[in-house]
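Numbering (this note's numbering), first residue to last: 17 to 343.
Structure record follows, encoded as structure tokens.
Written as structure tokens, this is what we have:
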């Protein structure tokens, strides 16, 4: 049963990643003239996750079915490079989104200036791609390496024992897992603090029962819920694999069940399927693009009430609240 589970599960990840992220990409490209600064970031992360599902995992599915890697060392290194690069690109985008949200709430006027030109989103997008490329490329030129992981998949060589290889593993863990989590947590802690401060100032300026105060409270609750989902999803997907991989680096003789390692790797890979749900489908403007895309493909979708752009969005602070926050 375990032998059949992993190829089926990984195939499901490939299909879901391709369909969900493909839907995001096509819907946004159809509305490309309406895209905003934030939309560009969402489009980039969806494109990264879609490519990861298409190029990174099919060879692994075939190899899992055969019981060992079937495509040689060059394909192993190439596949591992693609998965590592695109996975780190996705993580970097999530950090960029967290920083953008923090600026929007804590520095609204700075964010307003930054968001006026959507091309400026490339200041977030391009570094995210380059950051991931750097950490994925260095194993190809001698700092770290790629190798078979288990019997049928390829990844970073976590069992390397030489000082240079170990230094890469530690650096990767710190700069591509610990640091992103820390930045996300600090960003959302700052958001929560600022929203609370805005709420208290709004009360003093406009009264406890004012509409602006009620909207701020609603925005804070929705933001906190979304933050909890974002952080939980990220940590749940990557922590098991990261901890196991780092453990192999610290203790080269560590012998864990192959099923446990496969399951941890599967959790990490699955992040590319729920990213579009969490980071895009919870975004009100995208639901408008999705509705327009569905109507364009099938006019009958106009009569369906399954896409509600006005619901499940994270509200921005009201004008009165921003005024109070900067008073």
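The beta carbon of each residue, even a glycine, is placed where N, CA and C say it ideally should be.
Original post:
At what residues does the alpha helix (DSSP H) containing residue 291 begin and finish?
Top reply: 274 to 291
Original post:
Going straight from the alpha carbon of residue 175 to that of residue 307, what length do you get?
Top reply: One C-alpha to the other measures close to 48 Å.
Subject >> Among 104, 309, 305, nearest to residue 151 - alpha-carbon criterion >> reply: 104
Original post:
Is there contact between the segment 159 to 171 and the segment 266 to 281, where contact requires at least three CB pairs shorter than 8 Å?
Top reply: yes
**OP:** Answer yes or no: do residue 99 and residue 292 have a C-beta to C-beta separation smaller than 8 Å?
**Re:** no
Original post:
Looking at the unbroken beta strand (DSSP E) that takes in residue 170, where does it start and where does it end?
Top reply: Bounds of the beta strand (DSSP E) holding residue 170 are 169 to 172.
Subject >> Within 8 Å, strictly: CB atoms of residue 102 and residue 72 >> reply: yes
Original post:
Would you say the segment 268 to 275 touches the segment 35 to 55, given that touching needs at least three Cβ pairs under 8 Å?
Top reply: No, the segment 268 to 275 is not in contact with the segment 35 to 55.
Subject >> Straight-line Cα distance separating residue 196 from residue 27 >> reply: 28 Å
Original post:
Which value, in whole angstroms, describes the spacing of the CA atoms of residue 322 and residue 137?
Top reply: Reliability of the predicted coordinates at residue 322 is poor, the pLDDT of 45 falling under 50, and the value obtained from them is presented with this limitation in mind. Residue 322 and residue 137: Cα-Cα distance of roughly 31 Å.
Original post:
I think residue 265 touches residue 185, with their Cβ atoms under 8 Å apart; what is that distance to the nearest whole Å?
Top reply: 4 Å
Original post:
How is the beta strand (DSSP E) around residue 162 delimited, first residue to last?
Top reply: Counting along the chain, the unbroken beta strand (DSSP E) around residue 162 starts and ends at 162 to 165.
Original post:
Between the segment 115 to 124 and the segment 199 to 217, are three or more C-beta pairs nearer than 8 Å?
Top reply: They touch, by the three-pair rule.
Original post:
How should residue 29 be labelled, buried or exposed, when 16 other C-beta atoms within 10 angstroms of its C-beta is the threshold for buried?
Top reply: Residue 29 counts as buried, since at least 16 other C-beta atoms from the protein chains shown sit within 10 angstroms of its C-beta.
Original post:
CA-CA distance, residue 217 and residue 211?
Top reply: 10 Å
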